[in-house]
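*Asks:* Residue numbers (full-length UniProt numbering): 1 to 143.
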Amino acid sequence: MTINVINASKHPLPAYQTPLAAGLDLQANIATPVVLRPLERQLIGTGLFIELPEGYEAQIRPRSGLAYKFGVTVLNSPGTIDADYRGEIKVLLINNSNTDFTVQDGERIAQMVVARHEQISWSPTDQLSETSRGQGGYGSTGR
Numbered sequence: 001m002t003i004n005v006i007n008a009s010k011h012p013l014p015a016y017q018t019p020l021a022a023g024l025d026l027q028a029n030i031a032t033p034v035v036l037r038p039l040e041r042q043l044i045g046t047g048l049f050i051e052l053p054e055g056y057e058a059q060i061r062p063r064s065g066l067a068y069k070f071g072v073t074v075l076n077s078p079g080t081i082d083a084d085y086r087g088e089i090k091v092l093l094i095n096n097s098n099t100d101f102t103v104q105d106g107e108r109i110a111q112m113v114v115a116r117h118e119q120i121s122w123s124p125t126d127q128l129s130e131t132s133r134g135q136g137g138y139g140s141t142g143r
């Protein structure tokens, strides 16, 4: 699939880092470094504007290395970009560590996965079908 993109950043377009990768790494496109203090969150621009086809979404997800090494993650994970959105892709980062983290221009800050989705319609009813799980929720199938 090919997606229309405006690259208003000074960086190359996102790329898959390995042949079987699902996510494209997004880079920060910022004029000056951004310091995230402990528990602070900020929107970081990427300079990318995309046009997704109908029936697709782009999911913005954390990069595992930033989360593991520095405690920095995507707050609303996964963030969803709808097919009718035409604004800049921005990443809502949060610093969950106890030390400052500095986001540098060009740094890979998140990954984007493009996926198909369905839209539903509701069918109101008074009863749902029975299953072996039933209403068992959190922890009902084990630890």
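Just so you know, even glycine gets a beta-carbon here, dropped at the ideal spot from N, CA and C.
Please read these numbers as outputs of a predicted model, since none were measured by experiment.
#1: With 16 as the cutoff for other CB atoms within 10 Å, does asparagine 98 come out buried or exposed?
#2: Going by beta carbon distance, what residues of the same chain come within less than 6 angstroms of leucine 66, once the five residues before and after it are set aside?
#3: With a threshold of 6 angstroms on Cβ separation, who are the neighbours of glycine 79 within its own chain once the five nearest residues in sequence on each side are excluded?
#4: For glycine 87, which residues does DSSP report across the bridge?
#5: Within the same chain, show all residues whose beta-carbon is closer than 6 angstroms to that of glutamine 27, passing over the 5 residues directly before and after it, in chain order.
#6: Thinking valine 74 and leucine 93 are a contact (beta carbons under 8 angstroms), I'd like their distance in whole angstroms, please.
#7: In chain order, what are the residue ranges of uninterrupted alpha helix (DSSP H) at least 4 long that sit wholly in the stretch 62 to 109?
#8: Rounded to the nearest angstrom, how far is the Cβ of arginine 37 from that of asparagine 95, given a contact under 8 angstroms?
#9: Leaving aside the five residues before and after glutamine 17 along the sequence, list all residues of the same chain whose C-beta is less than 8 angstroms from its C-beta, in chain order.
#10: Determine the burial state of asparagine 29: buried for a count of at least 16 other Cβ atoms within 10 Å of its Cβ, exposed for fewer.
#11: Put leucine 52 into one of helix, strand or coil per three-state DSSP.
#12: Who does isoleucine 60 pair with in a DSSP beta bridge?
#13: Taking all protein chains shown into account, do 16 or more other C-beta atoms lie within 10 angstroms of the C-beta of lysine 90, making it buried, or fewer, making it exposed?
*Replies:* This is what the structure gives:
#1: For this step, residue 98 is matched to residue 98 along the sequence shown. With fewer than 16 other CB atoms across the displayed protein chains lying within 10 angstroms of its CB, asparagine 98 is exposed.
#2: Indexing the sequence shown from 1 puts residue 66 at position 66. Within the same chain, leucine 66 has close Cβ partners Val72.
#3: Looking up residue 79 in the sequence shown gives position 79. Result list for glycine 79: Ile60, in chain order.
#4: Taking the sequence shown and counting its residues from 1, one reaches residue 87 at position 87. Answer is none; glycine 87 lacks a bridge partner.
#5: In the sequence shown, counting from the first residue as 1, residue 27 sits at position 27. Correct list, in chain order: His11, Gly106 and Arg108.
#6: In the sequence shown, residue 74 corresponds to position 74, counting from 1. In the sequence shown, residue 93 corresponds to position 93, counting from 1. That belief holds up - the Cβ atoms of valine 74 and leucine 93 are roughly 7 angstroms apart, short of 8 angstroms.
#7: Correct list: 64 to 70.
#8: As a working note, residue 37 is residue 37 in the sequence shown. As a working note, residue 95 is residue 95 in the sequence shown. Confirmed, about 7 angstroms.
#9: As a working note, residue 17 is residue 17 in the sequence shown. Asp25.
#10: Here residue 29 refers to the residue found at position 29 of the sequence shown. By the 10 Å Cβ count, asparagine 29 comes out buried.
#11: By one-based count along the sequence shown, residue 52 stands at place 52. Leucine 52 falls in the coil class under three-state DSSP.
#12: Indexing the sequence shown from 1 puts residue 60 at position 60. Isoleucine 60 is bridged to Gly79 and Met112.
#13: By 1-based counting over the sequence shown, the position of residue 90 is 90. Looking at its Cβ environment, which holds 16 or more other Cβ atoms inside 10 Å, lysine 90 is buried.
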